[in-house]
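If you want the working numbering, it's the 1-based position in the sequence shown plus 22. Glycine is no exception: its CB is placed at the ideal position from the N, C-alpha and C atoms. Report on the structure given below.
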Amino acid sequence: MDSFQNKNEDNNLQANFKICQIPELAQEKEKSKIILFGDSLTQKGFQLETEGWAIKVANNYIRKQDVVNRGFSGYTTENTLPILEKMLKYEFASSEISLISIFLGANDAILPLDEQKPRPNLPSKRSQKLVPLVDYKNNLISMINFIQKHSEIKILLITPPPLMENRFYGYNRKNSHTIKYREAMKKVSIMKNCSLLDTWNLFKEKNFSAIFIEDGLHFDKLGNNLIAEGFMKTIEVDFPHLLPRSLNNLYE
23 MDSFQNKNED NNLQANFKIC QIPELAQEKE KSKIILFGDS LTQKGFQLET
73 EGWAIKVANN YIRKQDVVNR GFSGYTTENT LPILEKMLKY EFASSEISLI
123 SIFLGANDAI LPLDEQKPRP NLPSKRSQKL VPLVDYKNNL ISMINFIQKH
173 SEIKILLITP PPLMENRFYG YNRKNSHTIK YREAMKKVSI MKNCSLLDTW
223 NLFKEKNFSA IFIEDGLHFD KLGNNLIAEG FMKTIEVDFP HLLPRSLNNL
273 YE
């Protein structure tokens, strides 16, 4: 009797286990992720106090796409290139990526050491992050080649923005130098057939003192709002199928 009862209990447990088992995942993953890749201008895009642009983009895509901030403060194309390769391998393991934005160049465009000015009220240490223009261009091309080789991810390049030279970061940056990196990115976007958001056109004839915080480089509320609006407008023009209203809700 006990033996018969134990067998029935085992059968019931097995039946219940089968009911609770998670079905196998589909072979084809759903495109469910937008990655924002860049330096501090992207990292700070999730800051609440300045109403970061990345927060606004993420809010637009609620239930439609997971917006992932992969900003690395202080980094250049030189030291983010290996990070990009590692990152994409990890992100691919979890889900497919719809789009990646690349917002780099503000740190690459630092002036050569002999052209930098002493920092106000701070030690005289100077930045050595400068990435030569030709290397900047080649690094962008390498990033794009890696992405395009491994997937059909849409790519949105965002140019390094102008700055307010009379504020803190004017000691090691000049718009006359940064604009060369902007032009290099524009050429790469044409060469590699990538979408482009030109921050210089975005900020044209705007009040710079409202666009940037006191350091003259990072965005205040207006700057973040302009970037977010420009980002979504570029999606609308170049990738209308990726507009939130064009996407189904995830997992439904």
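Exposure label - residue i; buried when at least 16 CB within 10 Å
i, result
"Asn215", "exposed"
"Lys66", "buried"
"Gly127", "buried"
"Arg85", "exposed"
"Tyr112", "exposed"
"Leu162", "buried"
"Val156", "exposed"
"Met207", "buried"
"Lys176", "buried"
"His263", "exposed"
"Gln43", "The predicted model places Gln43 with a pLDDT of 43, which falls under 50 and marks its position as unreliable, so this point remains unresolved."
Cutoff 7 Å; reference residue i; Cβ partners in own chain excluding five residues on either side
i, result
"Thr256", "Leu178, Ser217 and Leu219"
"Leu103", "Asn161, Ser164 and Met165"
"Arg197", "In the sequence under discussion, the amino acid at residue 197 is Asn, which differs from the Arg named in the question. Taken in chain order, the residues that qualify are Pro184, Leu185 and Glu187."
"Ala48", "The pLDDT assigned to Ala48 is 41, lower than 50, so where the model puts this residue is not dependable, and the model offers no usable value."
DSSP three-state assignment for residue i, whether helix, strand or coil
i, result
"Leu162", "helix"
"Val259", "helix"
"Glu71", "coil"
"Glu251", "helix"
"Asn81", "helix"
"Arg92", "strand"
"Gly192", "helix"
"Ser123", "strand"
"Ser277", "Residue 277 falls outside the range modelled here, since the chain spans only 23 to 274, and no answer is possible."
Own chain, CB closer than 6 Å to residue i, minus 5 neighbours either side, in chain order
i, result
"Ala232", "Leu244"
"Tyr97", "Asp61"
"Arg148", "Confidence is the limiting factor: at Arg148 the pLDDT is only 48, short of 50, which leaves the residue's position unreliable, though a coordinate-based value still follows. The residues are Leu135 and Gln138."
"Trp75", "Gly67, Asn246, Ile249 and Ala250"
Length of the line joining the Cα atoms of residue i and residue j
i, j, result
"Ile56", "Ile124", "11 Å"
"Leu272", "Asn247", "26 Å"
"Tyr158", "Pro266", "33 Å"
"Met254", "Leu121", "12 Å"
"Ile132", "Tyr203", "10 Å"
"Gly252", "Val259", "11 Å"
"Ser146", "Thr200", "Low confidence applies here, because Ser146 scores a pLDDT of 48, under 50, leaving its location unreliable and the question unanswered by this model."
"Leu70", "Lys78", "10 Å"
"Asn270", "Lys53", "11 Å"
"Asn229", "Glu274", "44 Å"
Check: residue i C-beta below 7 Å from any heavy atom of the ligand NAD
i, result
"Ile57", "In the structure on display, the ligand NAD does not appear, and there are no ligands present to speak of."
Cβ-based neighbour list, residue i, same chain, cut-off 8 Å, excluding 5 preceding and 5 following
i, result
"Glu107", "Phe168"
"Phe114", "His172 and Ser173"
Legend entry - Inter-stretch contact at 8 Å, needing at least 3 Cβ pairs: the region 216-224 / the region 176-192: yes
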